[in-house]
Amino acid sequence: MFCWFSRLCRGLSTPTRRTTQLIWSSASRRLVLSSQRRIPELSSFVARTNTCGELRSSHLGQEVTLCGWIQFRRQNIFLVLRDFHGLVQVVIPQDESAASVKKILCEAPMESVVQVSGTVISRPPGQENPKMPTGEIEIKVKTAKLLNSCKKLPFEIKDFMKKTEALRLQYRYLDLRSVQMQYNLRLRSQMVMKMREYLCNLHGFVDVETPTLFKRTPGGAKEFVIPSREPGKFYSLPQSPQQFKQLLMVGGLDRYFQVARCYRDEGSRPDRQPEFTQIDIEMSFVDQTGIQSLIEGLLQYSWPSDKDPVVVPFPSMPFAEALASYGTDKPDTRFGMKIVDISDMFRNTEVGFLQDALSKPQGTVKAICIHKGAKYLKRKDIESIRKFATDHFNEEVLPIFLKTNENWNSPVAKFIMEEQGLGLVKLLETQEEDVVLLTAGEHKRACSLMGKLRLECADLLEARGVVLRDPALFSFLWVVDFPLFLPKEENPQELESAHHPFTAPHPSDIHLLYTEPHKVRSQHYDLVLNGNEIGGGSIRIHNSELQHYVLATVLKEDVKLLSHLLQALDYGAPPHGGIALGLDRLMCLVTGAPSIRDVIAFPKSFRGHDLMSNAPDSIPPEELKPYHIQVSWPTDAETEKSSSNHPCRSES
Ligand code: ASP
1 MFCWFSRLCR GLSTPTRRTT QLIWSSASRR LVLSSQRRIP ELSSFVARTN
51 TCGELRSSHL GQEVTLCGWI QFRRQNIFLV LRDFHGLVQV VIPQDESAAS
101 VKKILCEAPM ESVVQVSGTV ISRPPGQENP KMPTGEIEIK VKTAKLLNSC
151 KKLPFEIKDF MKKTEALRLQ YRYLDLRSVQ MQYNLRLRSQ MVMKMREYLC
201 NLHGFVDVET PTLFKRTPGG AKEFVIPSRE PGKFYSLPQS PQQFKQLLMV
251 GGLDRYFQVA RCYRDEGSRP DRQPEFTQID IEMSFVDQTG IQSLIEGLLQ
301 YSWPSDKDPV VVPFPSMPFA EALASYGTDK PDTRFGMKIV DISDMFRNTE
351 VGFLQDALSK PQGTVKAICI HKGAKYLKRK DIESIRKFAT DHFNEEVLPI
401 FLKTNENWNS PVAKFIMEEQ GLGLVKLLET QEEDVVLLTA GEHKRACSLM
451 GKLRLECADL LEARGVVLRD PALFSFLWVV DFPLFLPKEE NPQELESAHH
501 PFTAPHPSDI HLLYTEPHKV RSQHYDLVLN GNEIGGGSIR IHNSELQHYV
551 LATVLKEDVK LLSHLLQALD YGAPPHGGIA LGLDRLMCLV TGAPSIRDVI
601 AFPKSFRGHD LMSNAPDSIP PEELKPYHIQ VSWPTDAETE KSSSNHPCRS
651 ES
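Using the UniProt record's numbering, read the sequence shown as starting at 1 and increasing by one per residue.
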């Protein structure tokens, strides 16, 4: 236990070459920043001499003072003391002269915080505990102080996974004492420190804070609104520092970075939070490959030393291929089961729904092959897969169970002609006991459905013990060549930005912007890790006229909202581009945590609530007056409706 801390420390305790970098210079002054990694001093400035986890046989005979929480007590003789660094065994004195020390240590409830002073002694032969890093020694206590007593706890600190998440969030300060939360937050801090070092000290980036009180931005996510004291005027919390980082480039900052807090009023999901953190980056005079190499280097440099090193460069995949083969713009490339287009094989089919689909423009037939699916998938799995397809996509999915001699078991088996069968086997590289899932429909929709089923089947197979995705593997992928615009879901005649409205078109497609904007490719790139989008960015439009055209003519946005940016682009704005990495998601994947809430100290619940303090909270009407706003309270029926419409009704 607590060996995590030594793992964490290993990275820090290896002194590396001193790195000194000239960051900025002018005729009159020079600013030199340096960074040196060294062993951290964990007990400076405080009322202890050592941490609980650091004592070893080499400390024998030393007089030490430790502070920590009572983890465990055995027969009023031993006490195990815990701090963030580890555990140590303390021997409770039994002699009459130390009765007061004994009383403190025996009567303090578990999780009380105490200070003990004494001598490091070796454990009697045979009583060493090889599972504890401090297992060869114990502390012979001379004095003890109860620093603060602990009431009966709402849950045991040790049983991290056994309590509901709502309870953990309500008592977050206790939950943070768990080994897992300590590990996650400390690893996060270390990675961020290394990122700073890489960006600022090795590559001359400047850490600039940008405002949190901002104004409404057209397009994009829903924003949180903050009332101001001016009647009818509101701030908005930024979805990201996008405009500011571009303005910093106009301001000649050249290489900007920030650990930036971003806000989107979109409701939480397992991988989303209303407030989240980005490693936000912008550079002048850069192209797509420049940004990609920077990020590869950044991740390689900051990657935890106890994991397999990051291999660079990361592979790249065009968006069209990601959609066609994986049904998503964030493909999990750790396993195959790719989507295959089998339309040509079924042009003369007698199967009604395939015929129907193929008779329409854009109509396709798609399939995935689940290797050994017949062995692992149950009838009820296939039924639920088919139900999912009808419920969510209004599409039919047919299973084909492959058997020897093409004697296949499927509702459509008798309609599949011999050459179609042979074609299927060849294209999908099927073998006996495989299951093929087949669907038909418009290309994008059919791919998207198959992409979801591919992941669903992977989960099902893994639940039955098949290893498809190695948990120790980190598979990075660049997705590139996105379209600049996509049809709006609610009104496909209108276009919206695939990334954001500041993204530059692909240089060779600029002419199409004025004729067929939906065909323009962009200079937008996403970074995917194990099927999760962990970053995205683009080369920006730095020409004011072009930016105006995109906003006003293509996207039909109110350009007045962005007049400051359009104006800035007219004053010698350099070509520039950038990216933002989602720090919470990245940390969640690195630590293997089940949710991003496990890598954030004080996260919100699914409904965006802070369960510990009960934010958001109501404000008395008189306190609302200065803001010139009034609450129009919903009726009971409206409240009911809005809570049942909420995507996730459970509090956590
Ligand atoms: N601001 C963008 C985002 O939050 C990232 C970027 O384009 O740099 O997705």
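Don't be surprised by glycine CBs; every beta carbon is placed ideally from N, CA and C.
- Rounded to the nearest whole angstrom, the CA to CA distance from K426 to F346 is 14 Å.
- Taking 8 Å as the cut-off, the beta carbon of K604 is found no closer than this to the beta carbon of P124.
- A residue is called buried when at least 16 other Cβ atoms come within 10 angstroms of its Cβ; D570 does not meet this threshold and is exposed.
- Measuring C-alpha to C-alpha distances from H85 to each of V528, M110, S178 identifies S178 as the nearest.
- In this chain, the beta strand (DSSP E) harbouring F485 covers 485 to 487.
- When C-alpha distances from L586 are compared across Q630, M450, F276, the shortest belongs to F276.
- Secondary structure at Y571: coil, using DSSP grouped into helix, strand and coil.
- Relative to the Cα of I39, the nearest Cα in the group E54, V46, R48 belongs to E54.
- Approximately 5 Å separates the beta-carbon atoms of P575 and H542; this is inside 8 Å, confirming the contact.
- Residue pairing from DSSP places K145 in a beta bridge opposite Q115.
- In this structure, the straight-line span from the alpha carbon of L611 to that of I596 is close to 16 Å.
- K140 is positioned such that its CB atom lies closer than 8 Å to that of V91.
- Each of D636, E623, Y198, L428 was checked against the Cα of R229, and the nearest Cα belongs to E623.
- For I541, the shortest C-beta to heavy atom distance toward the ligand ASP is 7 Å or greater.
- Around the beta carbon of D470, fewer than 16 other beta carbons lie within 10 angstroms, which makes this residue exposed.
- At a Cβ-Cβ threshold of 8 Å, L477 and K488 do not count as neighbours.
- Contact between I579 and L453 does not hold, since their C-beta atoms are separated by about 31 Å, which reaches or exceeds 8 Å.
- About 12 Å separates the Cβ atoms of P331 and A320, ruling out a contact at the 8 Å cut-off.
- For the 8 Å CB-CB criterion, G219 and L438 do not form a contact.
- Taking every protein chain shown into account, the CB of S538 has 16 or more other CB atoms within 10 angstroms, so this residue is buried.
- Non-local C-beta neighbours of E442 in its own chain, meaning closer than 6 Å and more than five positions away in sequence, comprise Q362, ordered along the chain.
- In the three-state DSSP reduction, A98 falls in the helix class (H, G or I).
- With fewer than three CB-CB distances shorter than 8 Å, the region 308 to 319 does not count as touching the region 616 to 636.
- In this structure, DSSP gives E266 a state outside helix and strand, which the three-state scheme calls coil.
- Around the Cβ of V528, a 10 Å sphere holds 16 or more other Cβ atoms; the residue is buried.
- In this structure, DSSP gives C67 an extended state, which the three-state scheme calls strand.
- Just measuring C-alpha positions, the residue of K145, W303, Q258 sitting nearest K194 is W303.
- Closest by C-alpha distance to N148, out of A637, A504, P109, M132, is P109.
- Annotation: the continuous beta strand (DSSP E) that includes D526 extends over 524 to 529.
- Across the set F285, K307, I279, S305, the C-alpha of I279 shows the shortest separation from the C-alpha of I295.
- When beta bridges are read from the DSSP output, E442 appears opposite G363.
- In the three-state DSSP reduction, H542 falls in the coil class, being neither helix nor strand.
- Taking non-hydrogen atoms of the ligand ASP into account, the C-beta of S236 is found less than 7 Å away from none of them.
- Between the alpha carbons of D356 and V225 lies a gap of roughly 48 Å.
- In the structure shown, M317 falls within a strand segment according to DSSP collapsed to helix, strand and coil.
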